[in-house]
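Structure record follows, encoded as structure tokens.
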Amino acid sequence: MFDLGVLRELGTAVLGAAGVLAVARAVRLPPLLGYLVAGLLLGPVTGILAVGESLDLLAHLGVALLLFLVGLELSVDRIREVGRTAALVGAAQMAVTFLLGAGLALGLGFPTGEALFLGLAVTFSSTVVVVKLLDEAGEIATRHGRLSVGVLLVQDVGVALALTVVAGMSGGGGEAASLGRQLGVSLLGLVALVAAAAAAVRWGLGRVLDWLWEIPEGAFIASLTWSLLLMIGAKAAGLSVELGAFVAGVAVAQLPRAHDLHRRVRPLVDFLLALFFVALGAGLDLGAAARYGGAVLALSALVLVGKPLLVGGLLGAAGESDRTGLRAGLTLGQISEFAFVLTASAVAAGLVSRDLFSVVGAVGLITIGVSAVTAPLGDRLHGLLRRRGRGVLRLFGGDGSEVEAPEAMRGHVVVVGMNALGREVVRSLADRGEPVLAVDTDPDKLRDLPAETLVGDVNLGVVLEEIGLARARLVISALHIEDTNRLLVHRCRAAGVPVSVNVFDPATADVMRELGADHLIHSKQEGARRLAERLIPAGEAVKP
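Letter by letter, the sequence shown follows residues 20 to 563 in the working numbering.
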């Protein structure tokens, strides 16, 4: 018989998260912080929610799938884009922050083992919070935005290695020889897992996903199955399931459809992550956090002040401007969601006390909340320091303007949707000598086009950054997907870029006119070459 208790737990968590999320949205705080507060209110404050085994399982599945999504961002091209500066700064920042955090914890009286885990907890920054803040501010493509994301990618690799070490320690007993042996086994297991994933990508995974792509739910189910298989394989090899999901994501990231797959999996991950953070907040012991109040404040100060200074100083030493260093440092000034995962794993393995989890949770609440407020104020703070605190500003690097990353295209025409109309429009514009970027989620439809191409989904903010939306002269959508066209028109109007969309009935045409589309394409009434002549007589779209 179905246990209504599980449904009651799930419903309470979802309703609580939705209610607090509405308030967090109104005051412009990140959803992650809202979920944590919802858990605190439902758990230790009111006692309404007690997290059971089923809810806990769903919550941790969400974290594993988040690592799958993180892995999806780590294509070879994306890793290459990170650059030498982000790689060196990320590695140095992790090493120094870990030593500072562990040393501070030792000075505060924590045992050596717990001090090491606290050092790990303050080392990593939150991928969820940072990407959300940059995306909302439209700053992912800025110099400090790209460097921040680059450092996060380096940290993600560090998280994967840390999860491997924790898995090894959990089976190591307590003796040094046993611990070393278990860590060696874990590393061998990681090598075997990576080799198996690479073999699958080379000899079959891509073809399976291509075959299933035309079925709406086919690729989604196949990708989840692939992730679960590697999670099971990781567990069998003595590794964490999160690490297995990460390797699964990195493997799929090498395939051309990774962007579209990211879009399909993201809603499920968002839902499960909400459950994770609600469960996390509900499981915090406020009494334990209060008993360690001094340690919580000291560690929070290290993250909020010490980490931005460190990141900014390292970027300055690498030749970046003071503005870049300051803004990147503020953006990375919080602890990661993976700090909770690592600490929870250590608690479950009996490596640290339960109180340590509450300490990390309290540090997370403080640092995520404060950074959500301070990071968007980076330009104001930079201006203030230039006027009144140049001595402080010199800690973040040289006095200079922020150097933007080189732009691949400017003044180009973006054509979205490579159906018959879209492909013909691309060819017609290319024949006229126009710089064209063709975009579609299906790499097969982008073949043999006389233009630059990009595999991606324009519903995703990161894809809009990659197509250079703000630098485009014109955007043309040949899609027959009304929801996507509506969103594209809205974003083009916000960026001040002319946009032309395909319409297929009078009602759709009325909606697009109201949204502000500059031109409506009636594909049944005009050919692509005539359309190209109308759209680009002088470099701008024609009003409908």
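Cβ coordinates follow ideal geometry from the N, Cα and C atoms, glycine included.
Quiz item: Do you know whose CA, among 56, 105, 382, lies nearest residue 339's CA?
Solution: 105
Quiz item: Among 56, 366, 263, 272, which residue has its Cα nearest to the Cα of residue 91?
Solution: 272
Practice problem: Let me know the secondary structure DSSP gives residue 500 once reduced to three states. | Solution: coil
Quiz item: Under 8 angstroms between the Cβ atoms of residue 211 and residue 256?
Solution: yes
Quiz prompt | residue 161 (DSSP reduced to helix, strand or coil) | solution = coil
Quiz prompt | Neighbour-count burial assignment, residue 347, 16 or more Cβ in a 10 Å radius | solution = buried
Quiz prompt | residue 33 versus residue 221 - alpha carbon distance | solution = 40 angstroms
Quiz item: In terms of alpha-carbon separation, which member of 148, 143, 494, 119 lies closest to residue 134?
Solution: 119
Exercise. Spell out a yes or no on whether the segment 380-394 and the segment 347-366 are touching, meaning 3 or more CB-CB pairs, one atom from each, closer than 8 angstroms.
Key: yes
Quiz item: In whole angstroms, what separates the C-alpha of residue 444 from that of residue 378?
Solution: 59 angstroms
Quiz prompt | With 16 other Cβ atoms within 10 Å as the buried cut-off, status of residue 397 | solution = buried
Quiz item: Which residue's Cα is closest to the Cα of residue 54: 237, 117, 301?
Solution: 301
Practice problem: Go ahead and pull the three-state DSSP assignment for residue 340. | Solution: strand
Exercise. With distances taken Cα to Cα, identify the nearest neighbour of residue 324 among 36, 411, 89, 369.
Key: 411
Practice problem: Give a yes or no on whether the C-beta atoms belonging to residue 67 and residue 116 are separated by under 8 angstroms. | Solution: no
Quiz item: Helix, strand or coil: how does DSSP classify residue 236 here?
Solution: coil
Quiz item: Considering only C-alpha positions, which residue in the set 268, 494, 269 is nearest to residue 453?
Solution: 494
Practice problem: Enumerate, from N- to C-terminal direction, the unbroken alpha helix (DSSP H) stretches of 4 or more residues contained entirely within the segment 392-476. | Solution: 397-407, 409-412, 439-450
Quiz prompt | Bounding residues of the alpha helix (DSSP H) (the contiguous stretch that carries residue 74) | solution = 72-91
Practice problem: Return the chain-ordered list of same chain residues with a C-beta closer than 6 angstroms to the C-beta of residue 246, the five sequence neighbours on each side being excluded. | Solution: 87, 264, 267
Quiz item: Cα separation between residue 395 and residue 171?
Solution: 18 angstroms
Practice problem: Use the C-beta contact count for residue 175: other C-beta atoms within 10 angstroms, 16 or more gives buried, fewer gives exposed. | Solution: buried
Practice problem: Have a look at residue 224 and residue 209 and give me their C-alpha separation to the nearest angstrom. | Solution: 20 angstroms
Self-check item: Distance between residue 434 and residue 471 (C-alpha atoms, nearest Å)
Solution: 10 angstroms
Practice problem: Classify residue 28 as buried or exposed, calling it buried when 16 or more other Cβ atoms lie within 10 Å of its own Cβ. | Solution: buried
Quiz prompt | Secondary structure of residue 324, DSSP reduced to three states | solution = helix
Exercise. Can you grab the Cα-Cα spacing for the pair residue 43 / residue 50, in whole Å?
Key: 7 angstroms
Practice problem: Spell out whether any CB of chain B is found under 8 angstroms from the CB atom of residue 518. | Solution: This model lacks chain B altogether, as it is built from one protein chain only.
Quiz item: How about residue 297 and residue 58: do their beta carbons lie closer than 8 angstroms?
Solution: yes
Quiz item: If you draw a straight line from the alpha carbon of residue 227 to that of residue 436, how long is it in whole angstroms?
Solution: 23 angstroms
Quiz item: When DSSP labels each residue in this structure, what does residue 371 get in the three-state scheme?
Solution: coil
Quiz prompt | Span of the beta strand (DSSP E), counted from its first residue to its last, around residue 539 | solution = 538-540
Exercise. Could you tell me whether the Cβ atoms of residue 295 and residue 79 are closer together than 8 angstroms?
Key: yes
Quiz item: Which first and last residues belong to the beta strand (DSSP E) in which residue 518 is found?
Solution: 518-521
Exercise. Select from 405, 482, 467, 517 the residue whose C-alpha is nearest the C-alpha of residue 491.
Key: 517
Quiz item: Based on Cα-Cα distance, which residue from 132, 215, 108, 292 lies nearest to residue 81?
Solution: 292
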